[in-house]
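As structure tokens, the structure follows; a few thoughts come after it.
In UniProt numbering, the protein residues as written are 1 to 371.
The structure is reproduced here in structure tokens:
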């Protein structure tokens with residue numbers, strides 16, 4: 001389901017006897033110069049109280065001294081916030097941020113209040129989250145030694161049904177999350193553009209989930225501060241942080257030290273699919289070594305996707321001959337190797353549940369043409 005200011009289902013024709021309104025429902029398009037459709041959205045949220053899935057782009061608001069939502073009459077979109085918070089049957093929620101220039105970030109306290117009654121959540125996806133208390137996981141400083149607990153982390157840890165967390169531009173994920181007792185068995189963790197996630201914090205959290213984590217997607221995360229300013233080389237101390245995740249099957253990676261980081265998963269023996277976004281530091285010979293048919297790093301590996309970005313100079317792309325050689329090398333190890341180009345960030349943003357970074361141009365264009 002998508003509830004957006006410019007794409008609102010017609011409330012009188014929507015099939016509200018269903019627990020979910022999806023994209024096939026009748027819709028009403030609201031132009032940017034039209035008045036915000038407050039009545040339509042209120043009608044939908046008041047009528048369809050048993051919704052199980054909600055995708056909405058809206059502005060966060062603040063809480064008053066009593067912990068209640070502050071409704072801003074000058075921002076009508078905030079008027080639907082209390083109604084969203086009453087959707088106790090939701091299992092899937094996707095919150096995108098409608099505010100722009102300046103962007104109003106979701107605060108942890110706001111999200112906890114909004115999610116308070118959604119005790120059956122299985123999947124949560126949120127873009128743009130501001131940390132309640134700034135924490136530094138990279139050094140010993142005033143922000144790294146202060147005692148703190150992430151309110152959002154505490155709340156999500158209390159949900160027994162939670163299986164998937166998908167964050168983009170979130171500052172709240174820190175080492176504290178691995179110190180919480182998680183009632184749910186998380187199977188998916190996606191962190192994109194989360195520039196304050198340290199490798200140690202990620203390692204500690206994944207280790208906590210070692211018996212349940214099936215999918216891990218990381219884009220510009222985690223962040224590391226390498227020795228001697230070599231951005232593509234992990235510090236010696238971090239090269240020992242092996243990820244031993246026996247249930248992990250799908251791994252998606254893009255950062256400045258992709259191959260080195262990928263090697264840290266060599267003891268996650270059940271990986272079946274790897275997607276890697278290319279950068280100028282990746283050598284195809286290193287990738288071949290990971291798929292050595294005589295002594296493969298991952299014996300269960302069946303699929304390997306290498307994506308290049310058209311934003312790079314053409315001379316940095318692998319040649320057709322090099323790609324063919326890599327594909328043939330993978331075939332010897334029974335690994336299907338695919339190579340293609342992805343579009344620029346603005347056109348591929350979140351097209352496939354956080355996996356858009358790994359989709360080729362043809363797939364994206366086909367998806368856009370079919371909608």
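Note that the Cβ used here is the ideal one computed from N, Cα and C, for glycine as well.
Exposed unless 16 or more other CB atoms sit within 10 angstroms - verdict on residue i
{"i": "residue 285", "result": "exposed"}
{"i": "residue 110", "result": "buried"}
{"i": "residue 290", "result": "buried"}
{"i": "residue 61", "result": "buried"}
{"i": "residue 166", "result": "buried"}
{"i": "residue 160", "result": "exposed"}
{"i": "residue 66", "result": "exposed"}
{"i": "residue 277", "result": "buried"}
{"i": "residue 237", "result": "exposed"}
{"i": "residue 37", "result": "buried"}
{"i": "residue 280", "result": "exposed"}
{"i": "residue 117", "result": "exposed"}
{"i": "residue 92", "result": "buried"}
{"i": "residue 372", "result": "The question about residue 372 has no answer, for the chain in this structure spans 1 to 371."}
{"i": "residue 129", "result": "buried"}
{"i": "residue 183", "result": "exposed"}
{"i": "residue 188", "result": "buried"}
{"i": "residue 195", "result": "exposed"}
{"i": "residue 149", "result": "exposed"}
{"i": "residue 308", "result": "buried"}
{"i": "residue 64", "result": "exposed"}
{"i": "residue 295", "result": "exposed"}
{"i": "residue 203", "result": "buried"}
{"i": "residue 339", "result": "buried"}
Per-residue DSSP class, three states only, for residue i
{"i": "residue 281", "result": "coil"}
{"i": "residue 293", "result": "coil"}
{"i": "residue 257", "result": "coil"}
{"i": "residue 250", "result": "strand"}
{"i": "residue 113", "result": "helix"}
{"i": "residue 324", "result": "helix"}
{"i": "residue 271", "result": "coil"}
{"i": "residue 85", "result": "coil"}
{"i": "residue 120", "result": "coil"}
{"i": "residue 90", "result": "coil"}
{"i": "residue 336", "result": "strand"}
{"i": "residue 240", "result": "helix"}
{"i": "residue 287", "result": "helix"}
{"i": "residue 264", "result": "coil"}
Nearest-angstrom beta carbon gap, residue j and residue i [assumed within contact, 8 Å]
{"i": "residue 221", "j": "residue 191", "result": "4 Å"}
{"i": "residue 374", "j": "residue 186", "result": "For residue 374 there is no data in the structure shown, the boundaries of the chain being 1 and 371."}
{"i": "residue 301", "j": "residue 337", "result": "The Cβ separation is near 10 Å, so there is no contact."}
{"i": "residue 214", "j": "residue 250", "result": "7 Å"}
{"i": "residue 303", "j": "residue 272", "result": "7 Å"}
{"i": "residue 85", "j": "residue 113", "result": "7 Å"}
{"i": "residue 216", "j": "residue 206", "result": "7 Å"}
Only counting runs of 3 or more residues, tell me where the beta strand (DSSP E) segments fall wholly within the segment 126 to 213, in order along the chain. Considered as a whole, the segment 126 to 213 harbours 164 to 170, 188 to 192 as its complete beta strand (DSSP E) runs of no fewer than 3 residues, in chain order.
Taking the runs of the alpha helix (DSSP H) that are 4 residues or longer, which of them lie wholly in the segment 38 to 79? 38 to 47
How do the segment 71 to 89 and the segment 122 to 133 stand: do at least 3 beta-carbon pairs fall below 8 Å, yes or no? no
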